[in-house]
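Report on the following structure.
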């Protein structure tokens, strides 16, 4: 497979996975969590680079430590998770900026999909398929949990388990997407396509479908456009998703 | 016939409650704000740790409608998708919605058409308070529960609509031979619909038939002051 094909396929798969998960992030009012989580990946990448191991492993590890850490702190303190996220995630960005070796810094911050390998593609494909299979199984708990935790628990649904599975999936897609958009921009790839989808949707099914479609489209158009304008793909992909969001604003259902 | 015996000690929210419910009963729970009514429900549902014993009959299905139900105005979720969380069969969904009396005033006698074509594809968040309550009730009876727990079934509904909701609950109870436990602040409702009532203010102040146990002594103990028989709940805090 040509390197361009690799890039395109990987980015589109990330767009699908990120869009789908982003749809639920928005419903759960966790829009900024995606953004903040992607920052946490930076020190993970830095440490991995210093130890000469795969940065993806470092990023995933850092993200998992972060979601467990926030869950523990939420229980032990009365600080709202917003505050916790605001504190620790910017701290980790600062730490990451210091630790990351200079030559890799720009790539870590903004991503560089031209460096994607065949193994990355396989890993991405497997992860995205897993997301597409697992999320429908926990959709009921994810959505009902927003409406009433008591009701959800009374149906025997374990909200904490579902939350953890969900955040774990988000971590995986963010870690994978770092190649595409970097630690600074990956959060927007989770949120913007889903936000655009929400403008168009009355039902959960159309909402998820549009979110995946917009994620895929942003990557596809973004990569072609980045070649055309001669700029690195990450920011272009994010800008394309922003343009899609602006267009969908005009199609919001009238009864809103 | 099944008996339920609850004893909850400690944690100062509920002290030494003892009561039972018989099949087909309507048990109302009344008390001022913060009396522990919702806590009692959550405990009955097994969501709170407790000491003492709660004994239900064998194999009984309990469904619950909470008081607080958050639905964002722009939540992309249709009525159909919401009900499908509980049951995947479209005909069962439609039957359940018909049984809660959902219809469109302008299409009298065409409830099924209205439900299939208009209500089911509608966004849940855009329903009126009364319609949402009916959909919630339809959701709660769709899997034929033996026991229903309603926490303030009519909060968020205008006064005229309240009575229809209680009539509906009563109709469903008779049709489906369900046991209903409901939290209410409206003593009129308790007199009209409940066989038994628990007056709760951290501890049990009374338990029994409403017309026997809801006397002025119990009420003043409950609400702390002189409360007329036909007044709504007051809290003097």
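Protein chains in written order, with this note's numbering: chain A, 1 to 256; chain B, 1001 to 1237. We put the beta carbon where it would ideally sit given N, CA and C, even for glycine. Since we're looking at a predicted model, the values are computed, not measured.
- Whole beta strand (DSSP E) elements within the stretch 1026-1113 of chain B, 3-residue minimum: List check, beta strand (DSSP E) in window: 1026-1030 and 1062-1065.
- Look up residue 153 of chain A in the DSSP assignment and give the residues it is bridged to. Locating residue 153 of chain A in the first chain gives position 153, where the first residue counts as 1. For residue 153 of chain A, DSSP records no beta bridge to any residue.
- Item | Delimiting residues of the beta strand (DSSP E) encompassing residue 25 of chain A | Counted from its first residue, the first chain places residue 25 of chain A at position 25. No beta strand (DSSP E) holds residue 25 of chain A; the alpha helix (DSSP H) holding it covers 3-27.
- Taking the alpha-carbon positions, what's the residue 8 of chain A to residue 97 of chain A distance? Numbered from 1 along the first chain, position 8 holds the residue referred to as residue 8 of chain A. Numbered from 1 along the first chain, position 97 holds the residue referred to as residue 97 of chain A. A straight-line Cα-Cα distance of about 29 angstroms links residue 8 of chain A and residue 97 of chain A.
- Are any of the Cβ atoms in chain B nearer than 7 angstroms to that of residue 119 of chain A? The sequence position of residue 119 of chain A within the first chain is 119, counting from 1. No - not a single Cβ of chain B is within 7 angstroms of the one on residue 119 of chain A.
- Query: Alpha carbon to alpha carbon, what distance is there between residue 1094 of chain B and residue 1103 of chain B?
  - Reply: For the purposes of this step, residue 1103 of chain B is taken as residue 103 along the second chain, with counting starting at 1. For the purposes of this step, residue 1094 of chain B is taken as residue 94 along the second chain, with counting starting at 1. Between residue 1103 of chain B and residue 1094 of chain B, the alpha-carbon positions lie close to 11 angstroms from each other.
- Specify, as a first and last residue, the run of the alpha helix (DSSP H) that residue 76 of chain A falls within. In the first chain, residue 76 of chain A corresponds to position 76, counting from 1. Taken as a continuous stretch (DSSP letters only), the alpha helix (DSSP H) holding residue 76 of chain A covers 55-76.
- Task: Would you verify that the beta carbon of residue 1123 of chain B is, or is not, closer than 7 angstroms to some beta carbon of chain A?
- Result: Here the question's residue 1123 of chain B lines up with position 123 in the second chain. Contact of residue 1123 of chain B with chain A is assigned, a C-beta pair being separated by under 7 angstroms.
- Message: DSSP three-state label for residue 33 of chain A, please.
- Response: Taking the first chain and counting its residues from 1, the one referred to as residue 33 of chain A is at position 33. If DSSP states are grouped into helix, strand and coil, residue 33 of chain A belongs with the helices.
- Examine the Cβ distances between the stretch 101-110 of chain A and the stretch 130-145 of chain A and report whether three or more of them are shorter than 8 angstroms. The stretch 101-110 of chain A, when compared against the stretch 130-145 of chain A, does not touch it at the 8 angstroms Cβ threshold.
- Query: Under the DSSP definition of a beta bridge, which residues are partnered with residue 1207 of chain B?
  - Reply: Against the second chain, residue 1207 of chain B aligns to sequence position 207. Bridge partners of residue 1207 of chain B according to DSSP: B:1198.
- Members of the stretch 1020-1052 of chain B that neighbour chain A once the beta carbon cut-off is set at 7 angstroms: The residues in question are 1042, 1045 and 1047.
- Does DSSP classify residue 1021 of chain B as helix, strand or coil? On the second chain, position 21 is the one that residue 1021 of chain B refers to. The answer is coil: DSSP assigns residue 1021 of chain B none of H, G, I, E or B.
- Task: Return helix, strand or coil for residue 1150 of chain B, following the three-state DSSP convention.
- Result: Locating residue 1150 of chain B in the second chain gives position 150, where the first residue counts as 1. DSSP places residue 1150 of chain B in strand when its eight states are reduced to three.
- Item | For residue 1180 of chain B, the residue or residues it bridges with in DSSP | On the second chain, residue 1180 of chain B is found 180 positions in, with the first residue counted as 1. DSSP output for residue 1180 of chain B lists B:1026 and B:1148 as bridge partner(s).
- Pick out whichever of B:1096, B:1133 and B:1128 has its Cα sitting closest to the Cα of residue 1116 of chain B. As a first step, residue 1116 of chain B must be located in the second chain, where it is residue number 116. Ranking the options by Cα distance to residue 1116 of chain B, first place goes to B:1096.
- Alpha carbon to alpha carbon, what distance is there between residue 1153 of chain B and residue 30 of chain A? Along the first chain, read from residue 1 onward, the residue named residue 30 of chain A stands at position 30. Along the second chain, read from residue 1 onward, the residue named residue 1153 of chain B stands at position 153. For residue 30 of chain A and residue 1153 of chain B, the distance between alpha carbons rounds to 30 angstroms.
- Identify whether residue 1123 of chain B lies in helix, strand or coil by the three-state DSSP scheme. By 1-based counting over the second chain, the position of residue 1123 of chain B is 123. The answer is strand: DSSP assigns residue 1123 of chain B an E or B state.
- Sort B:1181, B:1146 and B:1091 by Cα distance to residue 1058 of chain B and report the nearest one. As a first step, residue 1058 of chain B is located in the second chain; it is residue number 58 there, counting from the start. It is B:1146 whose Cα lies nearest to the Cα of residue 1058 of chain B.
- Task: Tell me whether the beta-carbon of residue 62 of chain A lies closer than 7 angstroms to the beta-carbon of residue 80 of chain A.
- Result: Stepping through the first chain from its first residue, residue 62 of chain A is reached at position 62. Stepping through the first chain from its first residue, residue 80 of chain A is reached at position 80. No, Cβ-Cβ distance for residue 62 of chain A and residue 80 of chain A is not below 7 angstroms.
- Message: Between residue 1081 of chain B and chain A, is any beta-carbon pair separated by less than 7 angstroms?
- Response: Looking up residue 1081 of chain B in the second chain gives position 81. It does; some Cβ of chain A falls within 7 angstroms.
- Task: Please report how far the alpha carbon of residue 1220 of chain B lies from the alpha carbon of residue 1080 of chain B, in whole angstroms.
- Result: Position 220 of the second chain, counted from the start, is the residue given in the question as residue 1220 of chain B. Position 80 of the second chain, counted from the start, is the residue given in the question as residue 1080 of chain B. Near 46 angstroms, if we compare the C-alpha coordinates of residue 1080 of chain B and residue 1220 of chain B.
- Message: Does the structure place the stretch 163-172 of chain A close enough to the stretch 197-208 of chain A that three or more beta carbon pairs sit under 8 angstroms?
- Response: Result no; under three Cβ-Cβ pairs closer than 8 angstroms.
- Note down, in chain order, each residue of its chain lying with its Cβ closer than 6 angstroms to the Cβ of residue 100 of chain A, except the 5 sequence neighbours on either side. As a first step, residue 100 of chain A is located in the first chain; it is residue number 100 there, counting from the start. Beyond the five residues adjoining it in sequence on each side, residue 100 of chain A comes within less than 6 angstroms, by CB distance, of 46 and 108 in the same chain, given in chain order.
- Message: With distance defined between alpha-carbon atoms, name the residue in B:1061, B:1120, B:1110 and B:1066 nearest to residue 1090 of chain B.
- Response: Within the second chain, residue 1090 of chain B is the residue found at index 90, counting from 1. Measuring from the Cα of residue 1090 of chain B, the nearest candidate turns out to be B:1120.
- Task: Measure the alpha-carbon distance for residue 1082 of chain B versus residue 1187 of chain B and round it to whole angstroms.
- Result: As a working mapping, residue 1082 of chain B is identified with position 82 in the second chain. As a working mapping, residue 1187 of chain B is identified with position 187 in the second chain. Rounded to the nearest angstrom, the two C-alpha atoms are 33 angstroms apart.
- Query: Quick one: Cα of residue 1177 of chain B to Cα of residue 1216 of chain B, how far?
  - Reply: By one-based count along the second chain, residue 1177 of chain B stands at place 177. By one-based count along the second chain, residue 1216 of chain B stands at place 216. For residue 1177 of chain B and residue 1216 of chain B, the distance between alpha carbons rounds to 33 angstroms.
- My understanding is that residue 1054 of chain B touches residue 1040 of chain B, with C-beta atoms under 8 angstroms, so please give their C-beta distance in whole angstroms. Translated into the one-based positions of the second chain, residue 1054 of chain B becomes position 54. Translated into the one-based positions of the second chain, residue 1040 of chain B becomes position 40. Their Cβ separation, rounded to whole angstroms, is 10 angstroms, which puts residue 1054 of chain B and residue 1040 of chain B out of contact at 8 angstroms.
- Query: For residue 1031 of chain B versus residue 1201 of chain B, is the C-beta distance shorter than 7 angstroms?
  - Reply: Sequence index remark: in the second chain, residue 1031 of chain B carries index 31 (1-based). Sequence index remark: in the second chain, residue 1201 of chain B carries index 201 (1-based). Going by C-beta atoms, residue 1031 of chain B is nearer than 7 angstroms to residue 1201 of chain B.
- Query: Roughly how many whole angstroms lie between the Cα atoms of residue 1077 of chain B and residue 204 of chain A?
  - Reply: Reading the second chain from its first residue, position 77 is the one you call residue 1077 of chain B. Reading the first chain from its first residue, position 204 is the one you call residue 204 of chain A. Approximately 5 angstroms, taken between the alpha carbons.
- Is it the case that the Cβ atoms of residue 1065 of chain B and residue 1140 of chain B are separated by a distance below 7 angstroms? Taking the first residue of the second chain as 1, we reach residue 1065 of chain B at position 65. Taking the first residue of the second chain as 1, we reach residue 1140 of chain B at position 140. Contact: yes.
- Going along the chain, which residues of its own chain have a beta-carbon closer than 7 angstroms to the beta-carbon of residue 248 of chain A, five neighbours each way excluded? To locate residue 248 of chain A, count along the first chain from 1; it is residue 248. Taking C-beta separations shorter than 7 angstroms and ignoring five residues to either side along the sequence, the partners of residue 248 of chain A in its chain run 196, 199 and 200, following chain order.
- Task: Taking residue 334 of chain A as the reference, give the member of A:88, A:58 and A:57 with the closest Cα.
- Result: Since the first residue shown for chain A is 1 and the last is 256, residue 334 of chain A is missing from the structure and cannot be characterised.
- Could you check which residue in A:230, A:221 and A:242 has the C-alpha nearest to that of residue 12 of chain A? Here residue 12 of chain A is taken as the residue at index 12 of the first chain, counted from 1. Nearest to residue 12 of chain A by alpha-carbon distance, out of A:230, A:221 and A:242, is A:221.
- Note down, in chain order, every chain B residue with its Cβ under 9 angstroms from the Cβ of residue 143 of chain A. Here residue 143 of chain A corresponds to residue number 143 of the first chain, with the count starting at 1. Residues of chain B passing the Cβ test: 1075, 1077, 1081, 1082 and 1085.
- Along the alpha helix (DSSP H) that carries residue 224 of chain A, what are the first and last residues, could you check? The residue labelled residue 224 of chain A in the question sits at position 224 within the first chain. Per DSSP, residue 224 of chain A belongs to the alpha helix (DSSP H) from 204-229.
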